[in-house]
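Just so you know, the sequence shown maps onto residues 1 to 279 in UniProt numbering. The beta carbon of each residue, even a glycine, is placed where N, CA and C say it ideally should be. The block underneath contains the structure these notes are about, expressed in structure tokens.
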Amino acid sequence: MQWGNDIIDWLASDEGERVLFGAIIPFLAIIVAGFIGGAIGRGSTRRVIAQYNRDALTAAVQALVLAGRKAAGWNGLSTVERVQVDHLIGEAETRIRLLPVAGASLAASWAAHQLEDMKRNSAGFSFQAQQTLAEYRDRLIAWSEKPRSAKKLFGADIDRWKYETDADEQALLAEQARWESSRTSERESAAVGGPSAAPAAAPAIVPAASPASATPAPASAPAVMGGSAAASPAEATPTQAYVVPPRQSDDEAGTEAPRPVAASDVRDRVAPFDSDEQR
Numbered sequence: 001m002q003w004g005n006d007i008i009d010w011l012a013s014d015e016g017e018r019v020l021f022g023a024i025i026p027f028l029a030i031i032v033a034g035f036i037g038g039a040i041g042r043g044s045t046r047r048v049i050a051q052y053n054r055d056a057l058t059a060a061v062q063a064l065v066l067a068g069r070k071a072a073g074w075n076g077l078s079t080v081e082r083v084q085v086d087h088l089i090g091e092a093e094t095r096i097r098l099l100p101v102a103g104a105s106l107a108a109s110w111a112a113h114q115l116e117d118m119k120r121n122s123a124g125f126s127f128q129a130q131q132t133l134a135e136y137r138d139r140l141i142a143w144s145e146k147p148r149s150a151k152k153l154f155g156a157d158i159d160r161w162k163y164e165t166d167a168d169e170q171a172l173l174a175e176q177a178r179w180e181s182s183r184t185s186e187r188e189s190a191a192v193g194g195p196s197a198a199p200a201a202a203p204a205i206v207p208a209a210s211p212a213s214a215t216p217a218p219a220s221a222p223a224v225m226g227g228s229a230a231a232s233p234a235e236a237t238p239t240q241a242y243v244v245p246p247r248q249s250d251d252e253a254g255t256e257a258p259r260p261v262a263a264s265d266v267r268d269r270v271a272p273f274d275s276d277e278q279r
């Protein structure tokens, strides 16, 4: 214990006090300040990362809810819109799985199964599709508020779905998908093509009757007394169709021939003085 007493005596001396207050205490203060600063920085970084993860989770949940709304009306979408919705679903599911949040993979699997159910029910059970959409939205929002409750929210459904799939249901789903695709293609072809408008029929040109046919047939001559038979009627002249040439407009007629002038105007131009005397 002698060395401890020597250290205490040295610190109590003038030289020991100078070393203590000039080097040891500032060094310890720097170390403590470093620990405190590191703890503050770590807390701030955690808050920033948590806020970023929260924003990413909110955006991914919003994308899944939007995809659910589209899937609820899947039967009324065109082929192009269905492709866009499939891309939206795949992107939202991938974003959910990549989030560093508890239960992200479980929530993505549950959402994918629910979206398929809504697509299938939109063909003939639109009310059930809307009910599924409401439950789908509420559960995703509840999970986004408490990510650690994913097992409680989605685990039971996923375990039940594993034992519900069978071959008959898969065949029925495939047949329904084929029916929906054929119906959508027919609707799109009808919307794009539409009822083809019938071409306007050209006006029929009625052939003008020939003068011979326009003339009424002469009446048969009266029977001559003592004659054996009445005179036979004249044979009908065969009709001949011809096309009436189109009328010329006033401008074209004016360029080809002069317009008619009254006789009095011509007389005034030829002999103006004689016409004045006559008047």
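- Rounded to the nearest whole angstrom, the CA to CA distance from L11 to R18 is 9 Å.
- Assignment of V32 by DSSP, reduced to helix, strand and coil, places it in the helix class.
- Judged by DSSP secondary structure, L88 falls within the alpha helix (DSSP H) whose first and last residues are 79–98.
- Rounded to whole angstroms, the Cβ separation of P147 and A111 is 14 Å, and the two are not in contact under 8 Å.
- With fewer than 16 other CB atoms across the displayed protein chains lying within 10 angstroms of its CB, G4 is exposed.
- T94 places its beta carbon 8 Å or farther from that of D117.
- In the three-state reduction of the DSSP assignment, K151 falls in the helix class.
- Here G41 is exposed: its Cβ has fewer than 16 other Cβ atoms, across all protein chains shown, within 10 Å.
- Per DSSP, the continuous alpha helix (DSSP H) segment holding S105 begins and ends at 104–121.
- Between W74 and S122, the C-beta spacing is below 8 Å.
- The continuous alpha helix (DSSP H) containing A12 extends over residues 2–12.
- DSSP places V101 outside both helix and strand once states are collapsed to three, so it counts as coil.
- Taking a contact as a CB-CB distance under 8 Å, the pair A67 and I89 counts as one, their CB atoms being some 5 Å apart.
- Within 10 angstroms of the beta-carbon of Q2 lie fewer than 16 other beta-carbons, which makes it exposed.
- Nearest C-alpha to E186 among S78, E175, L153, A92: S78.
- Here A72 is not near A107, since their CB atoms are 8 Å or more apart.
- I141 and V48 do not touch by the CB rule: their CB atoms are close to 24 Å apart, not below 8 Å.
- Around the beta carbon of V85, 16 or more other beta carbons lie within 10 angstroms, which makes this residue buried.
- For L99 against A63, the beta-carbon gap comes to about 12 Å, at or over 8 Å, which does not count as contact.
- Scanning its chain for C-beta atoms nearer than 8 Å, with the 5 sequence neighbours on each side dropped, one finds around G155 the residues L106, in chain order.
- Just measuring C-alpha positions, the residue of G38, R69, H113, A104 sitting nearest D157 is H113.
- Sorting P26, L20, E91, K119 by C-alpha distance to the C-alpha of W179 places K119 at the top.
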